[in-house]
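These notes are about the structure you will find just below.
Printed below as a string of structure tokens:
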């Protein structure tokens, strides 16, 4: 009785839904027919190629004879693609590091974890990451960072890039809003300069120009230079994200805080930041996704990230023909990470907006 | 009793004064930056001196002695580095412009499909958007390059998709009209036609404002442009000769060519950017209140008029700023050309700095070009936003 949304007879059920959503007009029927036809053809082709005629064993001669995909290249090369040239016996270390960081990111994205102790937790985790990856202490053998590669390297560049850019981005955003003209000018100049150029030019700077900046005899390795480039690049974009958050707050918040006699830094710490940071979480996640995708550019300056290791894997003459499978494997990894984070950011945004309306 | 505490008050007044603190902070920050810059620059000069690299841009006039596979202006290895960079810049412009056009067309199509009431079409559009957006654009470029290079047959067994249009691992070859003065005059006629159509539109809108009379300026403008071009073609003798690609030995001769490098870059950039454009189109159209459409229909406007005069002007206010930033992103992403070997500005700068060792100069040139472009566009955007902003009381 109290089901007020009950529909008239004949306006519910699967058939009704299909009629309404697929065949409501002549044009719609034609579009649906074309889409279904193409979809069926495409699915059949993909299943044929990817499953029915595919070879799953790591046997390149069988692969060459088959008409379908050769997933054998993945079973043969996955260690190289995922972990790069990290010593085989020690690959549990990057694996543990990755699982730990993926878990940490997952926790950090959950609301009940948005507390101050996240800061020491992240700092501690980053130190732990260094110990685990480099080793040389606690009975772990030393692994030089030129041997790091694959997914751990991609994650490392993106995670450290965003985490370190976070405080820098906040400072830049505050500086851009500052009433002190010189500070404002420096911040605007940095932000606009970095955002105006492609990431690849920042990476070129880091790899080619930066060594010239240092005094003679001092060298910093390539990975660290690329990491610094990514941090600075991300910071400029995050600064703009934070600026959006700061500008979204009503002016009354600043005025009320000032009327209560709070100083600038007190105002920022207890009034502005807690509110602004909440608003900017979804765009920050999106910025992290961009950084995650952009780390693939380090292959141009010769670091072995996930994409570069896939390229190395298909230089093997007996597997050269199966580049499509290798790229699909890598693309799937990127996709899983990016898509899940993007959906999270979307949901959170809807949630936060709902929260505002009540 | 009074003196020391007064002094202390004055001192603490100075310390706690906002003005003084602000000044000190600014001086410290600026001093720090200047010191850092001085330190880095002096190191750089010392290092360059030790390595015997001359500074300055004089290398631009030296002979480049490398070849470039595709160029819009003539280029040979005996030309200078400066001209090589110019070729690169033009190639960047070429791939970016075409990429922007294709990304916009695909993006509008997908964005509108995504809003369709047809469930299956809307799902396919959503899958397309999620798929191509969540895979790094560099991976997409490299993938398309590998597919064109390894997936297509060699020139001897090229696929002839249409008569005289060949797909092979050397790219796509197609016939173009052979050189003839008529084409120059047709281009001139086209420009003149556009100018005429613009004047016609101004006159028609003016008259509509004064008298309310409508004039079909879109249709007549199109007719004017097309008519002028076609008439010029026949006046100049209607040349029909084509320059067709012909297989000679292991490769094609003649015709026009889209190289694998160019194609993979164009496909990758267009598909990737179109996913963002689709979302912009969708949110732009959704931002126009439904009542606007209903009201204009009730006023007796035709659907096309509703779209042109009511929906699009309002949607474009929302759409144009993010669209511009996507166009800028596409242009910046075109620098990934270096990964597939398309000779764009960054890629040729890279070659130049490897040959001359003038890393700082070469990098500074392409950074300045991109920066100039970005700043120009953001200035334009500020102007546009001010012009388009809703005037509120």
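Chains as they are written, first to last, in my numbering: chain A, 854 to 1211; chain B, 190 to 582. We put the beta carbon where it would ideally sit given N, CA and C, even for glycine.
What is the DSSP secondary structure of residue i, counted as helix, strand or coil?
{"i": "residue 908 of chain A", "result": "strand"}
{"i": "residue 360 of chain B", "result": "strand"}
{"i": "residue 1147 of chain A", "result": "helix"}
{"i": "residue 235 of chain B", "result": "helix"}
{"i": "residue 432 of chain B", "result": "strand"}
{"i": "residue 259 of chain B", "result": "coil"}
{"i": "residue 350 of chain B", "result": "strand"}
{"i": "residue 1096 of chain A", "result": "helix"}
{"i": "residue 968 of chain A", "result": "coil"}
{"i": "residue 269 of chain B", "result": "strand"}
{"i": "residue 355 of chain B", "result": "strand"}
{"i": "residue 525 of chain B", "result": "helix"}
{"i": "residue 491 of chain B", "result": "coil"}
{"i": "residue 1071 of chain A", "result": "coil"}
Only counting the same chain, and skipping five residues up and downstream in sequence, which positions put a Cβ closer than 7 Å to that of residue i?
{"i": "residue 965 of chain A", "result": "none"}
{"i": "residue 943 of chain A", "result": "994 and 996"}
{"i": "residue 190 of chain B", "result": "Confidence at residue 190 of chain B is low in this model, with a pLDDT of 45, below 50, so its placement is unreliable and the value that follows should be read with caution. Closer than 7 Å at Cβ, skipping near neighbours: no residue."}
{"i": "residue 249 of chain B", "result": "269, 270 and 271"}
{"i": "residue 1059 of chain A", "result": "1078, 1079, 1081 and 1082"}
{"i": "residue 1043 of chain A", "result": "1025 and 1089"}
Is residue j closer than 7 Å to residue i when the C-beta atoms are compared?
{"i": "residue 533 of chain B", "j": "residue 280 of chain B", "result": "yes"}
{"i": "residue 325 of chain B", "j": "residue 1146 of chain A", "result": "yes"}
{"i": "residue 937 of chain A", "j": "residue 1203 of chain A", "result": "no"}
{"i": "residue 922 of chain A", "j": "residue 902 of chain A", "result": "yes"}
{"i": "residue 454 of chain B", "j": "residue 557 of chain B", "result": "no"}
{"i": "residue 1020 of chain A", "j": "residue 951 of chain A", "result": "no"}
{"i": "residue 1151 of chain A", "j": "residue 1158 of chain A", "result": "yes"}
{"i": "residue 506 of chain B", "j": "residue 570 of chain B", "result": "no"}
{"i": "residue 447 of chain B", "j": "residue 561 of chain B", "result": "no"}
{"i": "residue 1102 of chain A", "j": "residue 1128 of chain A", "result": "yes"}
{"i": "residue 375 of chain B", "j": "residue 435 of chain B", "result": "no"}
{"i": "residue 253 of chain B", "j": "residue 226 of chain B", "result": "no"}
{"i": "residue 531 of chain B", "j": "residue 441 of chain B", "result": "no"}
How far does the alpha helix (DSSP H) with residue i in it reach, from first residue to last?
{"i": "residue 330 of chain B", "result": "326-335"}
{"i": "residue 483 of chain B", "result": "479-487"}
{"i": "residue 441 of chain B", "result": "Not the alpha helix (DSSP H): residue 441 of chain B falls in the beta strand (DSSP E), residues 440-442."}
{"i": "residue 1159 of chain A", "result": "1159-1166"}
{"i": "residue 309 of chain B", "result": "308-322"}
{"i": "residue 251 of chain B", "result": "Segment: none, residue 251 of chain B is in no alpha helix (DSSP H) and carries neither H nor E."}
{"i": "residue 556 of chain B", "result": "548-577"}
{"i": "residue 407 of chain B", "result": "406-424"}
{"i": "residue 873 of chain A", "result": "866-875"}
{"i": "residue 338 of chain B", "result": "Where residue 338 of chain B is concerned, there is no enclosing alpha helix (DSSP H), given that its DSSP letter is neither H nor E."}
{"i": "residue 1026 of chain A", "result": "1003-1030"}
{"i": "residue 954 of chain A", "result": "945-961"}
{"i": "residue 914 of chain A", "result": "913-918"}
{"i": "residue 1039 of chain A", "result": "1034-1049"}
{"i": "residue 242 of chain B", "result": "Here residue 242 of chain B belongs to no alpha helix (DSSP H), and DSSP marks it neither H nor E."}
{"i": "residue 1066 of chain A", "result": "1063-1066"}
{"i": "residue 1057 of chain A", "result": "1052-1057"}
{"i": "residue 534 of chain B", "result": "534-545"}
Where does the unbroken beta strand (DSSP E) through residue i begin, and where does it stop?
{"i": "residue 169 of chain B", "result": "The question about residue 169 of chain B has no answer here: the residues shown for chain B are numbered 190 through 582."}
{"i": "residue 446 of chain B", "result": "445-447"}
In chain order, what residues of the same chain lie with their CB nearer than 6 Å to the CB of residue i, ignoring the 5 residues before and after it?
{"i": "residue 1144 of chain A", "result": "1011, 1014, 1015 and 1087"}
{"i": "residue 1251 of chain A", "result": "The structure shown has nothing for residue 1251 of chain A, since chain A only spans 854 to 1211."}
{"i": "residue 854 of chain A", "result": "Note that residue 854 of chain A has pLDDT 46, beneath the 50 cutoff, so the model's placement of it is unreliable and the number below is only indicative. Cβ within range, chain order: n/a, list empty."}
{"i": "residue 1168 of chain A", "result": "none"}
{"i": "residue 477 of chain B", "result": "500, 503 and 504"}
{"i": "residue 925 of chain A", "result": "908, 910, 911, 912 and 916"}
{"i": "residue 1055 of chain A", "result": "1082 and 1086"}
{"i": "residue 1194 of chain A", "result": "1138 and 1142"}
To which residues of the same chain is residue i closer than 8 Å at the C-beta, ignoring the five residues directly before and after it?
{"i": "residue 233 of chain B", "result": "549"}
{"i": "residue 420 of chain B", "result": "378"}
{"i": "residue 245 of chain B", "result": "550"}
{"i": "residue 475 of chain B", "result": "304"}
In the DSSP output, which residue or residues are listed as bridge partners for residue i?
{"i": "residue 888 of chain A", "result": "The partner list for residue 888 of chain A (beta bridge, DSSP) is empty, contrary to what the question assumes."}
{"i": "residue 373 of chain B", "result": "DSSP lists no partner for residue 373 of chain B."}
{"i": "residue 437 of chain B", "result": "B:440"}
{"i": "residue 923 of chain A", "result": "A:908"}
For residue i, verify whether its CB is less than 6 Å away from any heavy atom of the ligand HEM.
{"i": "residue 352 of chain B", "result": "Questions concerning the ligand HEM fall outside what the structure shown contains, since it holds no ligand whatsoever."}
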